[in-house]
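Colleague: One structure is given below, represented as structure tokens, and several questions about it will come after.
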Amino acid sequence: MNPVAALDAFLRARQLDTPHIRGLVLALSAGPDSLALLMALAHIAPSLNYRLRAVHIHHGLHADADAWASQALQQARALSVPANVIRVQVSAQASLESAARAARYEALIGDCRADEALLLAHHQDDQAETLMLRLMRGAGLQGLAAMRAESIWRLPDGTARRRWRPWLSVSRQQLMHCLEGTEHSDLSAVHDPANDDPRFARTALRHDILPRLKQHWPGASMQLAQAAEQLAEQAQALDIFADNALAPLLDERTASLDMLALMALPQTVHQSLIARWLSRAQAPSLPKRYWPRVVSELVLARADAQPQLAWAGWSLRRYKQRLYVLHDAELAALPEGIDWPDPQQPLFWAGCEWRLAELFQAPALALLPGLLSRPWRLAARRGGERYRPNAQGPSQSVKHWCQAQNIPPWQRHRVVCVWAGNDVVALKCLS
653 MNPVAALDAF
663 LRARQLDTPH
673 IRGLVLALSA
683 GPDSLALLMA
693 LAHIAPSLNY
703 RLRAVHIHHG
713 LHADADAWAS
723 QALQQARALS
733 VPANVIRVQV
743 SAQASLESAA
753 RAARYEALIG
763 DCRADEALLL
773 AHHQDDQAET
783 LMLRLMRGAG
793 LQGLAAMRAE
803 SIWRLPDGTA
813 RRRWRPWLSV
823 SRQQLMHCLE
833 GTEHSDLSAV
843 HDPANDDPRF
853 ARTALRHDIL
863 PRLKQHWPGA
873 SMQLAQAAEQ
883 LAEQAQALDI
893 FADNALAPLL
903 DERTASLDML
913 ALMALPQTVH
923 QSLIARWLSR
933 AQAPSLPKRY
943 WPRVVSELVL
953 ARADAQPQLA
963 WAGWSLRRYK
973 QRLYVLHDAE
983 LAALPEGIDW
993 PDPQQPLFWA
1003 GCEWRLAELF
1013 QAPALALLPG
1023 LLSRPWRLAA
1033 RRGGERYRPN
1043 AQGPSQSVKH
1053 WCQAQNIPPW
1063 QRHRVVCVWA
1073 GNDVVALKCL
1083 S
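Going by this note's numbering, the sequence shown opens with residue 653, and the numbers climb by one from there.
Shown next, in the form of structure tokens:
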């Protein structure tokens, strides 16, 4: 398929499905694939009334990283496309490749605005390699669906960003023809020596295993990519069934899962439903060896226990027969408390906008004038505070309020006390 025609068709279809997307953000590595997509987008995006910009991620892992960043900016400049470079810190993990990929995606998605989609230059051969890698790791249906042409990344604030891969049906060879046949064919792409490093499994697939397969099946990459596409369609259908099954098990406010109701369902669906629940929370897949521990350490723990299972910056926890999935960032301490000089005006603190009308119900607002002359302050719960709603009537401990609100113990340090003078007059949990 012609790469430019494939891109044009993909974007026109997205305009019908997601008309609110008006900007395109290209992940520009400066390599040949993303350069080809940059050239095609520079030609097509204006005619479809899309804004276009490019972002290069500087991992700082290679001696030539600065030169690659400069090359990416030069490529974008030659095509009159705005571009910027984002530097990321890659945490030391067993798989440096996986850690770099995670840091890259987090930075790219974080840079996208709500009306922008992130475009990635993965192509048919990449898809074939991904499917083969996941087969060798014993992946299930969701893993074998490989890379999706369109996926949604949910942010901690509840908003979502879209990732688009318009070239999964286009081969690497077709992209190279695209590069050679344009007026900007003199633009040079960088070559990452890691792509030739035999220590990486993907390199072995690309340079050794897949070429041997193609000696017997010349269309191997295309057939593998098509298989991944069919598996993705089947996975999507199963997601719909799983979502319907999850609906009565989920608490809308906390997104927690009713463990007893789950266990009442056939055992054969437990893992699939939990996996879908984790996916909806944007949590990484739970490693295969962890699944038995979900039962032994969470489900079968004694009733008064507060067990947890941690992996890859996330954790599964149980409280009052409900399962919770948490990112480590959700457990972070709140910032230092802040004075609220004029409570009648909104205040931005701890990532939230604070307004009296949202803290107090209508009848209570009538009592506020007597409190407004006091000094107001917002601060995280420290323990031992007592809560007197609207500074009227008897008080109760904040701990008892947390228990009544079913706030799990690990979230109680994120309960905000709204002080009016010496009284806590309102509470809010930033979960």
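Yeah, the Cβ is synthetic: ideal placement off N, Cα and C, and Gly gets one too.
Just to check my reading of the structure: Leu687 and Leu831 have Cβ atoms closer than 8 Å, yes? What is that Cβ distance to the nearest angstrom?
Modeller: Contact check for Leu687 and Leu831: beta-carbon distance about 7 Å, within the 8 Å limit, so the pair qualifies.
Colleague: Tell me which residues share the same chain as Asp671 and place their Cβ nearer than 6 Å to its Cβ, disregarding the 5 neighbours each side in the sequence.
Modeller: Here residue 671 is Pro; the residue named in the question, Asp, does not match the sequence. Nothing meets the Cβ criterion.
Colleague: Which ranges would you report for the alpha helix (DSSP H) in the segment 1034-1080 if only whole runs of at least 4 residues count?
Modeller: 1050-1056
Colleague: Inspect the beta-carbon positions of Arg674 and Asp767 and report whether they are closer than 8 Å.
Modeller: yes
Colleague: Within this structure, are the beta carbons of Leu862 and Arg817 separated by less than 8 Å?
Modeller: Leu862 is not a Cβ neighbour of Arg817, given a cutoff of 8 Å.
Colleague: Between Arg1029 and Ala1056, what straight-line distance do the alpha-carbon atoms span, to the nearest angstrom?
Modeller: 24 Å
Colleague: Whole angstroms is fine: what's the gap from Ser732's alpha carbon to Leu693's?
Modeller: 11 Å
Colleague: Using the three-state DSSP reduction, which class does Val656 fall into: helix, strand or coil?
Modeller: The DSSP-derived three-state label of Val656 is helix.
Colleague: What beta strand (DSSP E) runs, 3 residues minimum, are completely inside the segment 906-989?
Modeller: 960-963, 966-971 and 974-979
Colleague: Could you tell me whether the segment 837-851 touches the segment 713-724, using the rule of 3 or more Cβ pairs below 8 Å?
Modeller: The segment 837-851 makes contact with the segment 713-724; the number of CB pairs closer than 8 Å reaches 3 or more.
Colleague: Is it buried or exposed for Thr811, if we count other Cβ within 10 angstroms and need 16 for buried?
Modeller: exposed
Colleague: Report yes if the CB atom of Trp963 is closer than 8 Å to the CB atom of Leu930, and no otherwise.
Modeller: No. Outside cutoff.
Colleague: What do you reckon, are the CB atoms on Arg970 and Asp903 nearer than 8 Å?
Modeller: no
Colleague: Classify Ile738 as helix, strand or coil using the three-state DSSP reduction.
Modeller: strand
Colleague: What do you get for Glu1010, buried or exposed, if any count of 16 or more other CB atoms within 10 angstroms of its CB means buried?
Modeller: exposed
Colleague: Straight-line CA distance for Leu1082 to Ala879?
Modeller: 44 Å
Colleague: Could you check the C-alpha separation between Arg813 and Arg806 for me, to the nearest Å?
Modeller: One Cα belongs to Arg813, the other to Arg806, and the distance between them is close to 6 Å.
Colleague: Pair every Cβ in the segment 784-791 with every Cβ in the segment 883-892, then say whether three or more of these pairs are closer than 8 Å.
Modeller: Contact between the segment 784-791 and the segment 883-892 is absent, because fewer than three Cβ pairs lie under 8 Å.
Colleague: Spatial neighbours of Leu690 within its chain, please: CB distance less than 7 Å, with the 5 preceding and 5 following residues excluded, ordered by chain position.
Modeller: Cβ within range, chain order: Leu678, Leu680, Ala706, Gln727, Ala728, Leu731 and Val733.
Colleague: CB-CB under 6 Å to Ala798, same chain, minus the five flanking residues each way: which ones, in chain order?
Modeller: Gln779, Thr782, Leu783 and Ala880
Colleague: Excluding the 5 residues flanking Ala1072 on each side, which residues of the same chain have their C-beta closer than 7 Å to its C-beta?
Modeller: The beta carbon of Ala1072 sits closer than 7 Å to those of Leu1023, Arg1026, Trp1028 and Ala1043, all from its chain and outside the five residues before and after it, given in chain order.
Colleague: Might you give, ordered along the chain, the residues of its own chain that have their beta carbon closer than 7 Å to the beta carbon of Pro850, omitting 5 neighbours on each side?
Modeller: In its chain, beyond the 5 residues on either side, Ala856 have a beta carbon closer than 7 Å to the beta carbon of Pro850.
Colleague: Checking 8 Å against the spacing of the C-beta atoms, do Ala606 and Gln776 come in under that value?
Modeller: Outside the displayed range of the chain (653 to 1083) lies residue 606, so it cannot be described from this structure.
Colleague: Along the chain, where does the beta strand (DSSP E) containing His708 start, and where does it finish?
Modeller: Per DSSP, the unbroken beta strand (DSSP E) holding His708 starts and ends at Arg703 to His710.
Colleague: Cβ atoms of Ser803 and Arg815: under 8 Å apart, would you say?
Modeller: yes
Colleague: May I ask which residues mark the beginning and end of the beta strand (DSSP E) holding Ile804?
Modeller: Glu802 to Arg806 is the span of the beta strand (DSSP E), which, as asked, contains Ile804.
Colleague: Among all the DSSP beta bridges, which residues are the ones paired with Leu901?
Modeller: Answer is none; Leu901 lacks a bridge partner.
Colleague: Does the beta carbon of Arg858 fall short of 7 Å from some heavy atom of the ligand GDP?
Modeller: Among the ligands in the structure shown, none appear at all, so the ligand GDP cannot be discussed.
Colleague: With distances taken between CB atoms, is the gap from Val740 to Ala759 smaller than 8 Å?
Modeller: yes
Colleague: On the three-state DSSP scale, how would you describe His868?
Modeller: Secondary structure of His868 (DSSP, three-state): helix.
Colleague: Reducing DSSP to helix, strand and coil, say where His1088 ends up.
Modeller: The structure shown does not extend to residue 1088, since the chain is modelled only from 653 through 1083, so no value can be given for it.
Colleague: Go ahead and label Gln1063 buried or exposed: buried means 16 or more other beta carbons lie within 10 angstroms of its beta carbon, across all protein chains shown.
Modeller: buried
Colleague: Kindly say whether Ala759, judged by its beta-carbon, lies nearer than 8 Å to any beta-carbon of chain B.
Modeller: Absent from the structure: chain B. Only one protein chain is present.
Colleague: Since Leu961 contacts Leu978 with CB under 8 Å, what's their CB separation in whole angstroms?
Modeller: About 11 Å; that fails the 8 Å criterion.
Colleague: Measuring straight from C-alpha to C-alpha, what distance separates Arg945 and Trp966?
Modeller: 15 Å
Colleague: For Phe893, which three-state DSSP category applies?
Modeller: helix
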